[in-house]
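Here the structure is laid out as structure tokens; the discussion comes afterwards.
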Amino acid sequence: MNDMTLEKAATVEFRGLRREFGPTVALDGLDLDVRPGELVALLGPSGCGKTTALRMLAGFEHPDSGEVLVDGQDVTEVPAHRRDAGMVFQSYSLFPHLSAVDNVAFGLRMRKVRTAERRARAAELLDLVGLGDKGERFPHQLSGGQQQRVAVARALINHPKVLLLDEPLGALDLKLRRQMQLELKRIQTEVGITFVHVTHDQEEAMTMADTVAVMNGGRVEQLGSPSDLYENPRTTFVANFLGTSNLIEAEVDTRSGDGIVLKAGGGKLLLPEARCSAPTTTGGKVLVGVRPEKISLTHADAAGDIPAGRNRITGKIAATSFIGVSTQYVVDSAVCPEFEVYVQNIDRDAKLAPGAEVVLHWNPAHTFGLHADQSLLAGTTGSAGVGTVDDEAAV
Amino acid sequence: MARLNPRPNLWRWAVLAFAAVYFLVPLAASVIFTVDVPGQGVTFDAYGQILGADGFLTGLILSLELAAATIAVVLLLMVPAMVALRLGAPRLGPVIEVICSLPLVVPPIAFVAGISTVLKWGPEYLSRTPLFQTFVAIQNPDFPVVLVLAYVVMALPFVHRSLDAGLRAMDVRTLVEAARSCGASPVQALVTAVLPNLRGALLNASFLTLALVLGEFTVSHLLGFQPFAVWIYSVGGSQAQLSVAVSVLSLLVTWALLLALAGLGGRTRTAAKG
Amino acid sequence: MATATSEAPALAPAPATKPPRRRGRWTPYWLLLPGLLWLFVFFALPMVYQVSTSVQTGSLEEGYKVTWHFATYWNALADYWPQFLRSVLYAGSATVLCLLLGYPLAYLIAFRAGRWRNLIMILVIAPFFTSFLIRTLAWKTILADGGPVVGVLNSLHVLDVTSRLGITAGDRVLATPLAVVCGLTYNFLPFMILPLYTSLERIDGRLHEAAGDLYARPFTTFRKVTFPLSMPGVVSGTLLTFIPASGDYVNADLLGSTDTRMVGNVIQTQFLRILDYPTAAALSFILMAAILVMVTLYIRKSGTEDLV
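Going down the list, the protein sequences come from chains A, B and C.
Everything in the first sequence is counted per our numbering, starting at 1 for the first residue and increasing by one.
Everything in the second sequence is counted per our numbering, starting at 1 for the first residue and increasing by one.
Everything in the third sequence is counted per our numbering, starting at 1 for the first residue and increasing by one.
Encoded structure:
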């Protein structure tokens, strides 16, 4: 594998890609820079344009306008077979009439490499994906996971500058998917080339990617490391699509030091200035968000025990569900109808049952602020996609 | 429930028996006719005469040549078009299906009537143009190109159906894209990734066309050419036993071919199953 | 490269100046063109030309001219209406017989044959792969005068009944309508069974079980579930049988007599013996038109779009 080192890694740039399919806008001026050797995930709901973008990088689609650059070179007009990009498809798409090793060697056959040499190199790559002993098997004799490994090896044979993965694990079951996520990450570290990975599974994106590009309505909504995106979402779409967020409509009241005091319902909430992506003029509206696992739950009777300086909201437990490591509570409060709270099952409080009056409280540092001019429901199941383009355009 | 069981079994046997009768009785009757000469008992003379019979070989070879040409032309016309259609304009599929089925709606006799009128009257208007030579050339009795033209039209519905079924059974788009991302040009992708997986359908289409051309009678007879089927017909008048003997022999050969093909197709199907 | 704003590719690696999408988009149509042209030139044009021939007058010696002589049609109909009627009658009977024989066969192959399925299918389809003529000649032998089949039918007095019905003559089967219909049925049975089998095979076996739970009686299940689901097969099977059968002339020629001549025989004679091309063209045009009308009505009535 010595010939597959970082020197092969390339940058990928999308410049203002636009593509319409009839009345549908698949890509609405997509811009994205991928650093060499990076594993970037294009994450988004179906219809957000992530697959179209990937297919443009592969050369299977042509943009109406804009360009695709690989290693600084414009490849927009280069036909698919002359691009240095390997592709792994969701449906494996191995050639049914060829054995695993012949599948892997296919790319070399197209380059007229001699049979002996190409079989040797294919065997080498099969070793890399852990299938060294299954080279003579035909696709139908391999399991889904094994087929996908062969597909990865096949895509790597011609030393591509970029490997493209189109929902590569979508057809696998959960356990196998977890295993393959780590496997793909290992292969990427080993070959060191740039990976562009399309997925709608936020967990998969967070596990594997160095950088995640959350896509919505044909453009990148937010780009960043998984933890950055999770902790500091800048739009309600990102806040809702990556994990769960509780969003509260609030009004800017005053400023105190490095924080902003907000009025929500009857109470006051503190928001660190640095974590607010919206303008904060006094009297202006802001959406306040907090992740469910950051919140503690205390029965109203014990409200006095809550340390000072924490953000508080009062409410009433509507439902609870016990899921092993944690318990999930749904709390109705005046500021937010269905507040979600995840509490680790360390010491379970029997009084926290449906109907109980409770106080929700959290460290103000975990609060984030978003522009009020967008849908609270963007990025939640059922409201994703093109319909939210107008909402997001204001951000 | 035990009461109900014997009935389906009975039915199954009845149907099996019917299929066997349907298949065997005409064959048996033909065989008996060829070997049983009234007053002489059983003799295989009729079979012995086949090879030496006047016109047998020329007729058979002509039919095989026509079949080969028809298969080549119809596949060349249809395979790239069907693959491209599936990849580039799948919504056109039903329209093309209807168009390709049109020759089925026209009885061969009406079709040949049309061709024949063109052949008869075309030269009259074109007698002073080079096209006239073309009209003469395509009616050369040694190799009547006009029959290939007609047979391609007649084979179209069957070839379309078997190619369509073959293409439906696989994900052409992903196969082509996979091949292209491995560095194959569009033509290479067709040849190295799609065609090998279409082998069953191609064989099917070729065999259907072969059967159609070998058995075709109406068009060649009315246009006055003498391939295999017409030869059998003309021999039937004078040497009935000989013509039936040839029939029996060609039946057996075709069925052997068919069984071999089914065996081959069965193997590829089991190999292709996941 | 960060300032890539120009539309033109800086390095222009593509050989063509046109964007590939535009090129690719038209590829299927270009590739379809030869086939469509072929159909147009060698199928549609002869058909059109035939129509023009049918309204020409003249003679073989002096040549023919288009004179819009529609009387050819009336004369053809007046002279040959019995043959037309016979064609429809024989082809219709053969189609009904094919359906009656073919449906149970296709049904049992699809649902009951188990691992014999492919073998039986081959047995049934095999005759289709052999010359039409050869199959018909075989029937000439089977139904031969004094042959075993005729002998059995005679001794069972079946032929007395059929003679009285007018479909056989005396103690002969050959050269009667019965023989022609038998030949047609035999020859076109595969055309019936194939589409029937295809549509029956597609029916999910679980539907039968579900229907069995609901209706309990097998016949009700068949009537309410299986048969409606197999309608596309029935329609295309009957069409694929009726259309070629109505234009057939080989069966009537080999198995029939002058009293069983069908329209195909007339057309053939006009072409090969009498050389009256306008009449032949008019007859085949009438035949096609009649088929087209019947097929359209039939498809309308059976409510399916599938032709094949």
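Here a beta-carbon is modelled for each residue, glycine too, at the ideal position from N, C-alpha and C.
What you are looking at is a predicted structure, and each value in this text was computed from that prediction instead of being measured.
Requested in this report: Helix, strand or coil for G289 (chain A), going by three-state DSSP, please let me know.
Outcome: Here residue 289 (chain A) refers to the residue found at position 289 when the first sequence is read from its first residue. Strand.
Query - Proximity of L99 (chain C) and T260 (chain C) at Cβ, strictly below 9 angstroms - result: Sequence index remark: in the third sequence, residue 99 (chain C) carries index 99 (1-based). Sequence index remark: in the third sequence, residue 260 (chain C) carries index 260 (1-based). No, they are not a contact pair.
Report task. Within the same chain, show all residues whose beta-carbon is closer than 7 angstroms to that of V266 (chain C), passing over the 5 residues directly before and after it, in chain order. Result -> Walking along the third sequence from the start, residue 266 (chain C) turns up at place 266. Closer than 7 angstroms at the Cβ level, and outside the excluded window around V266 (chain C), lie Y80, Q83, L283.
**Report entry** chain A contact for N197 (chain B) (CB, 9 angstroms cutoff)
**Finding:** The residue labelled residue 197 (chain B) in the question sits at position 197 within the second sequence. Chain A contact via Cβ: present.
Requested in this report: Starting from K301 (chain C), trace the beta strand (DSSP E) both ways and give me its first and last residue.
Outcome: Indexing the third sequence from 1 puts residue 301 (chain C) at position 301. Careful: K301 (chain C) lies outside any beta strand (DSSP E), inside the alpha helix (DSSP H) at 277-302.
Requested in this report: Tell me where the alpha helix (DSSP H) around W362 (chain A) begins and ends.
Outcome: Taking the first sequence and counting its residues from 1, the one referred to as residue 362 (chain A) is at position 362. Careful: W362 (chain A) lies outside any alpha helix (DSSP H), inside the beta strand (DSSP E) at 357-362.
Report task. Provide the residue span of the alpha helix (DSSP H) that contains E13 (chain A), from first to last. Result -> Here residue 13 (chain A) corresponds to residue number 13 of the first sequence, with the count starting at 1. Segment 12-21 is the beta strand (DSSP E) holding E13 (chain A); no alpha helix (DSSP H) there.
Report task. Can you grab the Cα-Cα spacing for the pair T269 (chain C) / S54 (chain C), in whole Å? Result -> Position 269 of the third sequence, counting from 1, holds the residue named residue 269 (chain C). Position 54 of the third sequence, counting from 1, holds the residue named residue 54 (chain C). When rounded, the distance between both Cα atoms is 16 angstroms.
Requested in this report: Starting from S333 (chain A), follow its DSSP beta bridges and name the residues at the other end.
Outcome: What you label residue 333 (chain A) is simply residue 333 of the first sequence in a count that begins at 1. DSSP output for S333 (chain A) lists A:G315 as bridge partner(s).
Report task. State the Cα-Cα distance for the pair I317 (chain A) and L39 (chain A), rounded to the nearest angstrom. Result -> Locating residue 317 (chain A) in the first sequence gives position 317, where the first residue counts as 1. Locating residue 39 (chain A) in the first sequence gives position 39, where the first residue counts as 1. When rounded, the distance between both Cα atoms is 42 angstroms.
Query raised in the report: Shortest alpha-carbon distance to A205 (chain B) belongs to which of B:A178, B:L258, B:L222, B:V246?
Result: Mapped onto the second sequence, residue 205 (chain B) falls at position 205. If we check each option's Cα against that of A205 (chain B), B:L258 comes out closest.
Query raised in the report: Can you tell which of A:G324, A:S46, A:L54, A:E340 has its C-alpha closest to the C-alpha of V330 (chain A)?
Result: Residue 330 (chain A) sits at position 330 when you count from the first residue of the first sequence. Closest by alpha carbon: A:E340.
Query raised in the report: How would you label T296 (chain C), buried or exposed, when you count the other beta carbons within 10 angstroms and need 16 or more for buried?
Result: Position 296 of the third sequence holds residue 296 (chain C). Exposed.
Requested in this report: Just confirm the distance between the C-beta atoms of V152 (chain A) and N103 (chain A), as a whole number of angstroms; I'd bet it's less than 8 angstroms.
Outcome: What you label residue 152 (chain A) is simply residue 152 of the first sequence in a count that begins at 1. What you label residue 103 (chain A) is simply residue 103 of the first sequence in a count that begins at 1. Not confirmed; about 11 angstroms, so no contact.
Query raised in the report: From D248 (chain C) to F138 (chain A), what does the alpha carbon distance come to, in whole angstroms?
Result: Taking the first residue of the third sequence as position 1, residue 248 (chain C) is located at position 248. Taking the first residue of the first sequence as position 1, residue 138 (chain A) is located at position 138. About 49 angstroms.
Query raised in the report: Per DSSP, what kind of secondary structure is S163 (chain C) in: helix, strand or coil?
Result: By one-based count along the third sequence, residue 163 (chain C) stands at place 163. Note: S163 (chain C) maps to helix in three-state DSSP.
**Report entry** Residue-level contact to chain C via CB, F275 (chain B), 9 angstroms cutoff
**Finding:** This structure cannot speak to residue 275 (chain B), because chain B is shown only from 1 to 274.
Report task. Note down, one range per segment and in chain order, each alpha helix (DSSP H) of at least 4 residues found wholly within the segment 93-167 of chain A. Result -> 100-110, 115-128, 144-156
Requested in this report: Keeping to the same chain, check which residues put their C-beta closer than 8 angstroms to that of E251 (chain A); ignore five residues upstream and five downstream.
Outcome: Locating residue 251 (chain A) in the first sequence gives position 251, counting from the first residue. So the qualifying residues of the chain are L262, K263, A264, G283, G284, K285, V286.
Query raised in the report: Between the segment 265-284 of chain C and chain B, which residues of the former have a C-beta closer than 7 angstroms to a C-beta of the latter?
Result: I267, Q268, F271, L272, Y277, A280, A281, S284
Query - Rounded separation between A309 (chain C) and S246 (chain C) - CA only - result: Any property of residue 309 (chain C) remains undetermined from this structure, which presents chain C solely from 1 to 308.
Report task. Name, in chain order, the residues that DSSP records as bridge partners for I260 (chain A). Result -> Here residue 260 (chain A) refers to the residue found at position 260 when the first sequence is read from its first residue. Note: I260 (chain A) sits in a beta bridge opposite A:R255, A:L271.
Requested in this report: Can you tell me which of A:L125, A:T236, A:H197 puts its alpha carbon nearest to the alpha carbon of L43 (chain A)?
Outcome: As a first step, residue 43 (chain A) must be located in the first sequence, where it is residue number 43. Residue A:H197 is the option with its Cα nearest to L43 (chain A).
Query raised in the report: Per DSSP, what kind of secondary structure is M170 (chain B) in: helix, strand or coil?
Result: Within the second sequence, the letter at position 170 stands for residue 170 (chain B). Coil, per DSSP.
**Report entry** Beta-carbon neighbours of M110 (chain A), restricted to chain B and to distances below 7 angstroms
**Finding:** In the first sequence, the residue the question calls residue 110 (chain A) occupies position 110. Those within 7 angstroms of M110 (chain A) in chain B are C182, G183, A184, Q188.
Report task. List the endpoints of the continuous beta strand (DSSP E) containing Q344 (chain A). Result -> Here residue 344 (chain A) refers to the residue found at position 344 of the first sequence. Run containing Q344 (chain A): 339-344, per the beta strand (DSSP E) assignment.
Requested in this report: Give the single residue among C:A210, C:F285, C:V250 whose Cα lies nearest to the Cα of A76 (chain C).
Outcome: Residue numbering aside, residue 76 (chain C) sits at position 76 when the third sequence is read from its first letter. Nearest of C:A210, C:F285, C:V250 to A76 (chain C), Cα basis: C:F285.
**Report entry** Helix, strand or coil at E177 (chain B) according to DSSP, with G and I counted as helix
**Finding:** Residue 177 (chain B) sits at position 177 when you count from the first residue of the second sequence. DSSP places E177 (chain B) in helix when its eight states are reduced to three.
Query - In chain order, each alpha helix (DSSP H) run of at least 4 residues that lies wholly inside the segment 17-99 of chain C - result: 20-39, 45-54
Requested in this report: On a CA-only basis, which of A:Q141, A:M56, A:G379 is nearest N240 (chain A)? Give me that one, please.
Outcome: Position 240 of the first sequence, counted from the first residue, corresponds to residue 240 (chain A). Residue A:G379 is the option with its Cα nearest to N240 (chain A).
**Report entry** Test item: CB-CB of A123 (chain A) and G135 (chain A) under 9 angstroms
**Finding:** Numbered from 1 along the first sequence, position 123 holds the residue referred to as residue 123 (chain A). Numbered from 1 along the first sequence, position 135 holds the residue referred to as residue 135 (chain A). Yes; because the gap between Cβ atoms is below 9 angstroms, this pair is in contact.
Report task. Quick one: using the 10 Å Cβ neighbour count with 16 as the cut-off for buried, is N197 (chain B) buried or exposed? Result -> Taking the second sequence and counting its residues from 1, the one referred to as residue 197 (chain B) is at position 197. It counts as buried.
Query raised in the report: From T121 (chain C) to A201 (chain B), what distance separates their C-alpha atoms?
Result: Reading the third sequence from its first residue, position 121 is the one you call residue 121 (chain C). Reading the second sequence from its first residue, position 201 is the one you call residue 201 (chain B). Per the sequence shown, the amino acid found at residue 121 (chain C) is Met instead of Thr. Going from the Cα of M121 (chain C) to the Cα of A201 (chain B) covers about 17 angstroms.
Requested in this report: Could you confirm whether any beta carbon from chain C is found closer than 9 angstroms to the beta carbon of P108 (chain B)?
Outcome: Position 108 of the second sequence, counting from 1, holds the residue named residue 108 (chain B). For P108 (chain B), the answer is yes, since a Cβ of chain C falls inside 9 angstroms of its Cβ.
Report task. For chain B, find out if any of its Cβ atoms is closer than 9 angstroms to the Cβ of S246 (chain C); answer yes or no. Result -> On the third sequence, position 246 is the one that residue 246 (chain C) refers to. It does: the Cβ of S246 (chain C) has a partner Cβ on chain B nearer than 9 angstroms.
**Report entry** Cβ separation of L17 (chain A) and G86 (chain A), assumed to be a contact under 8 angstroms, to the nearest whole Å
**Finding:** Here residue 17 (chain A) refers to the residue found at position 17 of the first sequence. Here residue 86 (chain A) refers to the residue found at position 86 of the first sequence. Between G86 (chain A) and L17 (chain A) the Cβ distance is about 21 angstroms, and since that is not below 8 angstroms, they are no contact.
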